[in-house]
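Our numbering puts the first residue of the sequence shown at 124, with every later residue one more than the last. Heads up, the thing below is written out as structure tokens.
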Amino acid sequence: MNEPKFDWAKPLTTTILTLKITGVIPINASTRFYRNLSKLYSAAILFFFVILSTFLQTTQTIFFTRDTKKLAAAAFQLLQEYQAAVKIYVVFTKSDVLENIIHFLNSEKSFQPQTQTQKSRAVAGLRFWKKSALLLYSGSYVCSFFWTVYPILDNLTEQSELLFDSWFPFNVTVYPSYQIAYVYQCFDLWLCALSVVNIDTVIFALMIFVVLQCDILCENLKNVGCNKGDFGGDFRRCVRHHKKILRFSEICVDFFYVMIFIQVATVALCLGISTFQLTLIPAFSTEFCYVLLYVVTVVFQMFQYCWFGNEVLVKSGEISTSAFEMNFADAPLHVRKNLAFFITRTQKPIKIPVLNLTFLSLQSFIKILRTAWSYFALLYHITVKN
124 MNEPKFDWAK
134 PLTTTILTLK
144 ITGVIPINAS
154 TRFYRNLSKL
164 YSAAILFFFV
174 ILSTFLQTTQ
184 TIFFTRDTKK
194 LAAAAFQLLQ
204 EYQAAVKIYV
214 VFTKSDVLEN
224 IIHFLNSEKS
234 FQPQTQTQKS
244 RAVAGLRFWK
254 KSALLLYSGS
264 YVCSFFWTVY
274 PILDNLTEQS
284 ELLFDSWFPF
294 NVTVYPSYQI
304 AYVYQCFDLW
314 LCALSVVNID
324 TVIFALMIFV
334 VLQCDILCEN
344 LKNVGCNKGD
354 FGGDFRRCVR
364 HHKKILRFSE
374 ICVDFFYVMI
384 FIQVATVALC
394 LGISTFQLTL
404 IPAFSTEFCY
414 VLLYVVTVVF
424 QMFQYCWFGN
434 EVLVKSGEIS
444 TSAFEMNFAD
454 APLHVRKNLA
464 FFITRTQKPI
474 KIPVLNLTFL
484 SLQSFIKILR
494 TAWSYFALLY
504 HITVKN
């Protein structure tokens with residue numbers, strides 16, 4: 124009796140469903156009419172609650188905002204909006220690529236765990252990914268909740284403060300225009316929060332898939348020749364598995380490299396501006412607590428990017444070491460020659476690039492924090508000087 128296949132995509136079921144509900148991923152319906160209807164729904168959501176909101180905030184910031192505190196708040200809010208818009212647009216346009224990635228992952232025979240130990244490690248790795256995703260969900264949703272209610276909790280109804288400093292073609296200080304604008308911005312906020320956190324979760328999952336495949340390959344390499352079987356055949360299967368891993372990582376990088384670049388490019392600015400904003404807000408007010416929670420959440424989000432990217436780097440770097448641990452003393456000469464070439468090739472680890480400028484690692488995380496501190500120091504120095 125054949126054992127059931129290990130379903131790599133099963134942990135992503137809820138995440139993909141959420142992205143379909145929010146319109147980020149069009150629903151792949153059975154008929155052309157419903158497919159077009161799904162794309163129309165996704166395009167309408169993207170336009171009315173992401174692009175339009177970003178345009179309204181940009182208009183207000185450029186033409187009407189002059190106060191330093193409001194300018195700082197608007198700047199980091201706009202950066203978040205731009206980041207969310209880019210991520211949503213990329214996933215929307217590359218949803219078929221994501222579908223092909225999941226199909227490739229589940230259909231490739233060499234990606235299936237062969238032993239109970241490999242299955243246990245795969246389950247443990249996915250469980251760790253799920254726990255880290257839950258932490259990111261919690262921080263993002265609590266942060267969004269504070270952002271939603273802080274105008275009410277701070278008793279700002281007389282000033283008719285909104286969630287974002289946006290321009291509207293009507294007076295938002297009177298009833299019911301204020302309520303309409305407030306509800307619209309709430310929808311925009313939660314749509315972006317749901318979309319971004321689930322997109323990040325998908326990216327982390329793809330990176331952990333690469334890590335787990337490298338882990339499976341390392342164990343298979345160590346076991347080559349141990350059971351006195353077909354030494355050459357077992358080694359060739361490992362070589363093909365490594366090629367499949369490289370191909371899979373290339374497809375994944377092609378899917379998310381733009382999103383990783385926009386994440387790294389904006390997070391240092393967001394952290395610098397939001398930390399500077401803390402110096403302009405009354406301590407321990409609702410807005411202060413929200414901004415502080417936002418800083419912590421963004422730091423943790425960026426840490427996850429760098430952590431999983433570093434895991435890909437480290438685990439893929441162990442492949443050559445595992446190949447050297449093979450029982451190659453009794454191997455045929457042609458296998459030993461191929462093994463030497465394989466070890467030389469695998470000494471170059473898999474890296475998650477950031478627009479070919481750098482790559483994700485724990486060292487890059489430290490550099491991002493230093494850059495954010497430099498932005499904060501510059502803004503604070505300019506403000507004090509003026």
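The C-beta atom is built at its ideal place from N, Cα and C for all residues, glycine as well.
Here's a check: name, in chain order, each residue in its chain whose Cβ is nearer than 6 Å to the Cβ of residue i, leaving out the five neighbours to either side.
i: ILE225; result: ALA132
i: THR271; result: CYS309
i: SER372; result: VAL333 and ILE473
i: LEU462; result: PHE451
i: ILE326; result: PHE379
i: ILE368; result: GLN336
Using the beta-carbon count (16 or more within 10 Å), is residue i buried or exposed?
i: TYR157; result: exposed
i: HIS364; result: buried
i: PRO127; result: exposed
i: LEU478; result: exposed
i: PRO292; result: exposed
i: SER497; result: exposed
i: GLN237; result: exposed
i: LEU239; result: Before going on, a small fix: residue 239 reads as Gln here, not Leu. Exposed, because fewer than 16 other Cβ atoms sit within 10 Å of the Cβ of GLN239.
i: LYS232; result: exposed
i: ASN433; result: buried
i: THR136; result: exposed
i: GLU448; result: exposed
i: GLN400; result: buried
i: ASP130; result: exposed
i: ASN294; result: exposed
i: ASN321; result: buried
i: ARG493; result: exposed
i: MET124; result: Only weak support is given to the placement of MET124: the predicted model assigns it a pLDDT of 44, under 50, and the value that follows is read from those uncertain coordinates. Under this definition MET124 is an exposed residue.
i: PHE199; result: buried
i: ALA196; result: buried
i: THR280; result: At THR280, the pLDDT of 47 sits below 50, so the modelled position is not reliable and the matter cannot be decided from this model.
i: PHE431; result: buried
i: PHE251; result: exposed
i: LEU169; result: buried
i: PHE499; result: buried
i: ILE505; result: exposed
i: SER165; result: buried
Select from the options the residue whose C-alpha is nearest the C-alpha of residue i.
i: SER318; options: VAL213, VAL306 and LEU258; result: VAL213
i: ALA454; options: SER372, LEU285, VAL347 and TYR164; result: VAL347
i: GLN203; options: SER267, LYS162, PHE227 and THR138; result: SER267
i: ILE211; options: LEU258, ILE174 and VAL147; result: VAL147
i: VAL81; options: LEU483, ASP357, VAL362 and LEU142; result: A question about residue 81 goes unanswered here, because the residues of the chain that appear run from 124 up to 509.
i: THR184; options: LEU258, GLN206, PHE234 and PHE287; result: PHE287
i: CYS429; options: VAL362, PRO274, LEU249 and ILE475; result: ILE475
i: ARG359; options: ASN229, PHE384 and HIS457; result: HIS457
i: SER439; options: PHE186, SER165 and ILE331; result: ILE331
i: LEU163; options: LYS143, ILE505, THR177 and VAL418; result: LYS143
i: VAL421; options: ILE303, ALA304 and TYR264; result: TYR264
i: TRP313; options: GLU441, ALA207 and ASP219; result: ALA207
i: THR510; options: ILE396, CYS361, PHE384 and ILE383; result: Nothing can be reported for residue 510, as the shown portion of the chain is limited to 124 through 509.
i: THR145; options: PHE215, LEU201 and THR177; result: PHE215
i: LYS471; options: ALA167, VAL435 and GLN235; result: VAL435
i: LEU257; options: ARG155, PHE423 and LEU140; result: PHE423
i: ILE385; options: GLU222, LEU480 and ALA167; result: LEU480
Taking 7 Å as the limit between beta carbons, can you name the residues of its chain near residue i, skipping five residues before and five after?
i: ILE491; result: VAL387, VAL390, ALA391 and MET425
i: TYR503; result: PHE399 and THR402
i: PHE172; result: PHE310, ASP311 and LEU314
i: PHE465; result: VAL362 and ALA446
i: GLN241; result: ILE339 and GLU342
i: THR138; result: ASN321, THR324 and VAL325
i: LEU253; result: In the sequence on display, residue 253 carries Lys and not Leu. Here the set comprises PRO134.
If residue i sits next to residue j, beta carbons under 8 Å apart, how far is it from one beta carbon to the other, in whole angstroms?
i: LEU179; j: SER289; result: 4 Å
i: LEU394; j: ALA495; result: 4 Å
i: LEU259; j: GLN427; result: 6 Å
i: ALA245; j: LEU335; result: 5 Å
i: VAL381; j: VAL209; result: 7 Å
i: THR182; j: TYR205; result: Actually they are not in contact, since the Cβ atoms of THR182 and TYR205 sit about 14 Å apart, beyond 8 Å.
Taking the DSSP output, what are the residues bridged to residue i?
i: PHE482; result: PRO476
Tell me which same chain residues have a C-beta within less than 8 Å of the C-beta of residue i, skipping the five on either side of it?
i: PHE269; result: THR409, CYS412, TYR413 and LEU416
i: LYS217; result: PHE378
i: PHE354; result: VAL347, GLY348, ASP453, ALA454, PRO455 and VAL458
i: SER445; result: LEU340, CYS341, GLU342, LEU344 and LYS345
i: LEU285; result: PRO274, VAL295, TYR301, ALA304, TYR305 and GLN308
i: VAL220; result: ILE374, ASP377 and PHE378
i: VAL418; result: LEU394, SER397, THR398 and LEU401
i: LEU140; result: none
i: GLY248; result: ILE331, VAL334, LEU335 and ASP338
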